[in-house]
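What follows is a set of notes on a single structure, which appears directly below.
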Amino acid sequence: MLKNLPPSVAKEDVLPTSDPTLVFFTGSEEKRRRFLRELELLDRPAPQIRYELLVVQYQEGAGLDWTGRLGVEGVPASLPDVFLGSIGELLNLNFNIVSTFGYLFALQLNLGLETRTADVLADTSLTGLSGQEIRFQNTETARYRELEIDPDTGEPLAKGVTREITTGLIIGMNGWVSGDGMITMKVTSTVSRLATAGSDQAGSLPATSEKIVSTNVRTPSGTPVVIGGLLQKNRDVTVRRTPVLGDIPLLGWLFQDRVETTTTTELVIYIVPHVEYPGTGVLDAARRMEDLYDELVKGGGGG
38 MLKNLPPSVA KEDVLPTSDP TLVFFTGSEE KRRRFLRELE LLDRPAPQIR
88 YELLVVQYQE GAGLDWTGRL GVEGVPASLP DVFLGSIGEL LNLNFNIVST
138 FGYLFALQLN LGLETRTADV LADTSLTGLS GQEIRFQNTE TARYRELEID
188 PDTGEPLAKG VTREITTGLI IGMNGWVSGD GMITMKVTST VSRLATAGSD
238 QAGSLPATSE KIVSTNVRTP SGTPVVIGGL LQKNRDVTVR RTPVLGDIPL
288 LGWLFQDRVE TTTTTELVIY IVPHVEYPGT GVLDAARRME DLYDELVKGG
338 GGG
């Protein structure tokens, strides 16, 4: 502040102290009032943003209504005990489902959790300064030994080199607060997983699939943001063979039972950003000012 004083204030009018958050003004009363008005515009603490984050994975199946789960209904004035008992799966969540999206959405999500057609992957609260990137990561790291084929025997040989593959969920949020209290956020989410079937080439690493969504949104403080579209299809093939007979070339197909299933999942991200301005205790500030006044003014430091 001392390097960037408003034009109406001279450096001689400001007395610095050992506390970088406190100065004494020695100018006239009129200048002091003007100085305080200018400080209200210039010397504002950087707001911080608290992100309430909920990530739910929905799995396609009987009884799951994909089109209706984002409906928002008002919360009734009084919730009966029977309703509270019907959302038992949600009571342990930090994310307030009922007040954010309504009781109908809460019932649908609770039903999905009970029937295993929905799963909560993240339920947390993150805080960062305006303009600071916040990162949430829920991943798994798999390690593989790199192999090479012996040209003489054709057998795979371990080279002693270990490779790592990290898969899972990564969410990055970078929000900043504008003068009207609105929050502008850039949200980037990445979902990756190992392929269900390994590579046919010996010594090569397994294949991975990856989905990335990046979006910019602008919302008032406390208003939820919903990000979807992270769809994945998994195809699993299970083969059961009759011992010996199932390994016979061509004829072995008659003694095999192949079960093929396809599962579709969607990852939905719910974010509720809140603007929070850090405050300073009035009592603490008064005590610091009194101590510095005694030290600088009464003690002769300020002249």
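Residue numbers for the sequence shown follow our numbering, beginning at 38 and rising by one. Idealized CB from N, CA, C, for every residue including glycine. Bear in mind that the values here come from a model prediction, so they are computed numbers and not experimental data.
Quick one: using the 10 Å Cβ neighbour count with 16 as the cut-off for buried, is I124 buried or exposed?
The sequence position of residue 124 within the sequence shown is 87, counting from 1. By the neighbour-count rule (16 or more Cβ atoms within 10 Å), I124 is buried.
Ignore the nearest five residues each way along the sequence and tell me which others in L101's own chain have a CB closer than 8 Å to its CB.
In the sequence shown, counting from the first residue as 1, residue 101 sits at position 64. Because L101 carries a pLDDT of 37, less than 50, the predicted location of this residue cannot be relied on, and no value is offered for it.
On the DSSP bridge assignment, give the partners of I306 in chain order.
Here residue 306 is taken as the residue at index 269 of the sequence shown, counted from 1. V92 and I264, per the DSSP bridge assignment.
Indicate whether L90 and T161 have their beta-carbon atoms separated by less than 7 Å.
As a first step, residue 90 must be located in the sequence shown, where it is residue number 53. As a first step, residue 161 must be located in the sequence shown, where it is residue number 124. In contact: L90 and T161 (Cβ atoms closer than 7 Å).
CA-to-CA distance, Q269 to A159, given in whole angstroms:
By one-based count along the sequence shown, residue 159 stands at place 122. By one-based count along the sequence shown, residue 269 stands at place 232. Computed Cα separation, rounded: 18 Å.
Kindly give me the distance between the Cβ atoms of I308 and M219, rounded to whole angstroms, as I take these residues to be in contact under 8 Å.
As a position in the sequence shown, residue 308 is number 271, starting the count at 1. As a position in the sequence shown, residue 219 is number 182, starting the count at 1. So it is not a contact: roughly 15 Å between Cβ atoms.
Coil, strand or helix - S136 by DSSP
In the sequence shown, counting from the first residue as 1, residue 136 sits at position 99. In the structure shown, S136 sits in a helix (DSSP, three-state: H, G or I).
Using the beta-carbon count (16 or more within 10 Å), is G212 buried or exposed?
As a first step, residue 212 must be located in the sequence shown, where it is residue number 175. Under this definition G212 is a buried residue.
Own chain residues within Cβ distance below 8 Å of A143, not counting five before or after:
Your numbering for residue 143 matches position 106 in the sequence shown. Taken in chain order, the residues that qualify are I124, L127, I134 and V135.
Neighbourhood of V319 by C-beta, 7 Å cutoff - its chain only, sequence neighbours within 5 removed
Against the sequence shown, residue 319 aligns to sequence position 282. The pLDDT assigned to V319 is 45, lower than 50, so where the model puts this residue is not dependable; a value taken from the coordinates is nonetheless given after this. No residues qualify anywhere along the chain.
Cβ neighbours of N253 in the same chain (closer than 6 Å, five flanking residues each side left out)
As a working mapping, residue 253 is identified with position 216 in the sequence shown. Close CB contacts of N253 within its chain, under the 6 Å cut and outside five residues either way in sequence, are with K223 (chain order).
Please classify Q174 as buried or exposed, where buried requires at least 16 neighbouring CB atoms within 10 angstroms.
Looking up residue 174 in the sequence shown gives position 137. It is exposed - the Cβ of Q174 has fewer than 16 other Cβ atoms within 10 Å.
Quick check: what's the CA-CA separation for Y140 versus D50?
Translated into the one-based positions of the sequence shown, residue 140 becomes position 103. Translated into the one-based positions of the sequence shown, residue 50 becomes position 13. Looking at the two C-alpha atoms, the distance is approximately 60 Å.
If the criterion is Cβ atoms closer than 7 Å, does the pair S341 and I171 meet it?
Here the chain covers residues 38 to 340 and nothing more, so residue 341 does not appear.
Quick one: what does DSSP say E66 is sitting in, helix, strand or coil?
Counting from 1 along the sequence shown, the entry for residue 66 is found at position 29. Helix at E66.
Using the Cα positions of E185 and T199, report the straight-line distance between them to the nearest angstrom.
Stepping through the sequence shown from its first residue, residue 185 is reached at position 148. Stepping through the sequence shown from its first residue, residue 199 is reached at position 162. Here the C-alpha atom of E185 lies approximately 13 Å from the C-alpha atom of T199.
Contact set for R69: own chain, Cβ-Cβ below 8 Å, skip 5 residues either direction:
Walking along the sequence shown from the start, residue 69 turns up at place 32. Excluding positions up to five away in sequence, the list reads F62.
Return the residue from the list T54, G265 and T137 that minimises the CA-CA distance to S258.
Here residue 258 corresponds to residue number 221 of the sequence shown, with the count starting at 1. Of T54, G265 and T137, the residue nearest in Cα terms is T137.
Below 6 Å, is the gap between the Cβ of I308 and the nearest heavy atom of the ligand NAD?
Within the structure as shown, the ligand NAD is missing, as the structure has no ligands at all.
On the DSSP letters alone, give me the boundaries of the beta strand (DSSP E) that Y181 sits inside.
Sequence index remark: in the sequence shown, residue 181 carries index 144 (1-based). Taken as a continuous stretch (DSSP letters only), the beta strand (DSSP E) holding Y181 covers E170 to I186.
For P261, which residues of its own chain have a beta-carbon under 8 Å away from its beta-carbon, when the five flanking residues on both sides are left out?
Within the sequence shown, residue 261 is the residue found at index 224, counting from 1. Sequence-distant Cβ neighbours of P261 in its own chain, meaning closer than 8 Å and more than five residues away, are T137, F138, Y307, I308 and V309.
May I ask which residues mark the beginning and end of the beta strand (DSSP E) holding K223?
Within the sequence shown, the letter at position 186 stands for residue 223. Unbroken beta strand (DSSP E) run through K223: M219 to L231.
Cβ neighbour criterion (16 or more within 10 Å) applied to Y88
Reading the sequence shown from its first residue, position 51 is the one you call residue 88. Buried.
Residue(s) in a DSSP beta bridge with V214
Position 177 of the sequence shown, counted from the first residue, corresponds to residue 214. In the DSSP output, where bridge partners are listed per residue, V214 has I220.
Going by beta-carbon coordinates alone, are S229 and E201 separated by less than 7 Å?
In the sequence shown, the residue the question calls residue 229 occupies position 192. In the sequence shown, the residue the question calls residue 201 occupies position 164. The Cβ atoms of S229 and E201 lie no closer than 7 Å to each other.
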